[in-house]
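Worksheet: one structure, shown below.
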Amino acid sequence: MASSAVRTSASTKAKAPVSAAGLIPGILLLAVVGYAGKFIEHFIAAYGKAHHLVLPNIEYVLWAILIGLAISNTIGIPAIFRSGVATYEFWLKAGIVLLGARFLLGDVRRLGGVSLVLIAIELALALTFMTYLGRAFQLKPKLVTLLAVGSSICGVSAIIAAQGAIDADEEDSSYAIAAILLLGAISLFLFPLIGHVLHLSDHAYGLWAGLAVDNTAEATAAGALYSDAAGKIAVLAKTCRNATIGFVVLGYAIYWASKGQAEEVKNKGAFLWRKFPKFVLGFLLISLLATVGFFTKPQLAAVGNLSRWAFLLTFAGVGLRTNLRELSKQGARPFIVGAVGEIVIALITLGLVFGADRWYHL
Amino acid sequence: MSQSSPLYRVSLDTWAVLLAFAAVLLVRFGILKNIPW
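What follows is the structure, given as structure tokens:
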């Protein structure tokens, strides 16, 4: 049973392709919702200035997500818009590649290096903890694998990558995706609050969001909700985490094949390349071009702004594709396991970030 | 366009990278100049 909860995100990949013209209404809806968020942010700032009022500065990111959530959870998304709305992941990846222009390669190496060390620790702890937790709750072993991969690496993309590699049921993956998406939606609102309560610096918070929030879109949004600088760092840390998908999925594929419950991986190099997120390479290449002076300063600003527009479409999509009622229908146990796992992973990564901040002065 | 078309064999990731690079080249060679935010 393919869940309708994940219809607008994951399973759209398996659907028959639609024509480019069929994507236009949904992309326009993303643009309208995203721009409405930007308009509200400016309107509130201008109103406060004109009337000498101190109003809270709520970023367009939150408005875009809230408008999307309101539409998706009240009137719903009409069929004509769905395929276009599902392109939010495409805009996310294009935005990440373009964001490379705002990083010099030295920064990528330094912050990416710190992130990779923390990611290695996070992965080892998270995968182990989720595996034991899933067993304690008597979830099916492959569902446990999917939840572990989803919560430790990269949310939905990692679950989809692992599903094929370990021959998991579609039902299991839809449970895991629903749990990860619901938890992602919650963390989107909780993380910035916790960050402010703990007075985390932009770098420390961005690193934490990138390490602990599962889905790339939500990690990007959670970072941007804190500050522009935090958003940049969150994307960098999350991109490093995404780069490990192939290795972890390969490890699980070999494990399940050794138990005779998945197909053997014949060409490991080709497997790794297939699962490797190509936008990571695009991000690095643009960062390299920015480092060697391929762009002038105004051009760098223009590329940075293109990245912001791509993210604006993404944030609108995050709200529009989240149907809380459908997600909550997926059953309590995978959600509880995911939630407990997320809380523990968030605490572990917060500890790691505090440690890194102390030693490396993020 | 059928599903076996080469266009559909290119992953979403790769399309995103190609689009981003096309945009970057347009900026670099002055075709896209001012991108407001």
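The listed protein sequences derive, respectively, from chains A and B. Mapping the first sequence onto the working numbering, position 221 (from 1) lands on 969, and the numbers just tick up by one. Mapping the second sequence onto the working numbering, position 14 (from 1) lands on 71, and the numbers just tick up by one. Glycine included, C-beta positions come from ideal geometry on N, C-alpha and C. Since this is a predicted model, take the numbers as computed values, not measurements.
Throw me the rounded Cβ distance for the residue i and residue j pair, which I believe falls under 8 Å.
i: residue 815 (chain A); j: residue 1067 (chain A); result: 6 Å
i: residue 1096 (chain A); j: residue 870 (chain A); result: 6 Å
i: residue 1059 (chain A); j: residue 968 (chain A); result: 6 Å
i: residue 1113 (chain A); j: residue 874 (chain A); result: Residue 1113 (chain A) is absent from the model: chain A starts at 749 and stops at 1110.
i: residue 929 (chain A); j: residue 1075 (chain A); result: 6 Å
i: residue 1054 (chain A); j: residue 92 (chain B); result: 6 Å
i: residue 936 (chain A); j: residue 970 (chain A); result: 5 Å
i: residue 820 (chain A); j: residue 1070 (chain A); result: 6 Å
i: residue 1022 (chain A); j: residue 94 (chain B); result: That pair is no contact at about 36 Å.
i: residue 932 (chain A); j: residue 912 (chain A); result: With a Cβ gap of about 22 Å, residue 932 (chain A) and residue 912 (chain A) do not count as contacting.
i: residue 866 (chain A); j: residue 832 (chain A); result: In fact, because the Cβ distance is near 36 Å, the residues do not count as touching under 8 Å.
i: residue 76 (chain B); j: residue 991 (chain A); result: Not quite, the Cβ-Cβ distance comes to about 21 Å (not below 8 Å), so this is no contact.
Can the beta-carbon of residue i be found less than 9 Å from the beta-carbon of residue j?
i: residue 915 (chain A); j: residue 1018 (chain A); result: no
i: residue 74 (chain B); j: residue 1051 (chain A); result: no
i: residue 825 (chain A); j: residue 960 (chain A); result: no
i: residue 1072 (chain A); j: residue 817 (chain A); result: yes
i: residue 844 (chain A); j: residue 1031 (chain A); result: yes
i: residue 1089 (chain A); j: residue 877 (chain A); result: yes
i: residue 879 (chain A); j: residue 1004 (chain A); result: no
i: residue 884 (chain A); j: residue 897 (chain A); result: no
i: residue 812 (chain A); j: residue 769 (chain A); result: no
i: residue 948 (chain A); j: residue 863 (chain A); result: no
i: residue 1124 (chain A); j: residue 771 (chain A); result: This structure cannot speak to residue 1124 (chain A), because chain A is shown only from 749 to 1110.
i: residue 789 (chain A); j: residue 973 (chain A); result: no
i: residue 1082 (chain A); j: residue 891 (chain A); result: yes
i: residue 957 (chain A); j: residue 939 (chain A); result: yes
i: residue 882 (chain A); j: residue 1038 (chain A); result: no
i: residue 1020 (chain A); j: residue 995 (chain A); result: yes
i: residue 1063 (chain A); j: residue 780 (chain A); result: no
i: residue 67 (chain B); j: residue 846 (chain A); result: no
When burial is assigned at 16 or more other CB atoms within 10 Å of the CB, is residue i buried or exposed?
i: residue 805 (chain A); result: exposed
i: residue 886 (chain A); result: exposed
i: residue 822 (chain A); result: exposed
i: residue 986 (chain A); result: buried
i: residue 861 (chain A); result: exposed
i: residue 793 (chain A); result: exposed
i: residue 1035 (chain A); result: buried
i: residue 966 (chain A); result: buried
i: residue 829 (chain A); result: buried
i: residue 1077 (chain A); result: exposed
i: residue 1025 (chain A); result: buried
i: residue 895 (chain A); result: buried
- Item | Interface positions of the segment 70-89 of chain B facing chain A (Cβ-Cβ less than 8 Å), listed along the chain | 70, 71, 72, 73, 74, 76, 77, 78, 80, 81, 84, 85, 89
- Task: Pull out every residue of the segment 1046-1067 of chain A whose Cβ sits closer than 7 Å to any Cβ of chain B, in chain order.
- Result: 1047, 1050, 1051, 1053, 1054, 1056
- Within 9 Å of chain B by C-beta, residues of the segment 842-868 of chain A in sequence order: 842, 843, 844, 845, 846, 848, 849
- Residues, ordered as in the chain, of the segment 998-1032 of chain A that lie near chain B by beta-carbon distance below 8 Å: 1025, 1026, 1027, 1029, 1030
- Taking 8 Å as the threshold, find out whether the segment 947-956 of chain A comes into contact with the segment 915-932 of chain A through three or more Cβ pairs. no
- Is the segment 974-987 of chain A touching the segment 998-1005 of chain A in the sense that three or more CB pairs, one from each, lie closer than 8 Å? no
- Do three or more CB pairs link the segment 1076-1088 of chain A to the segment 856-866 of chain A at distances below 8 Å? no
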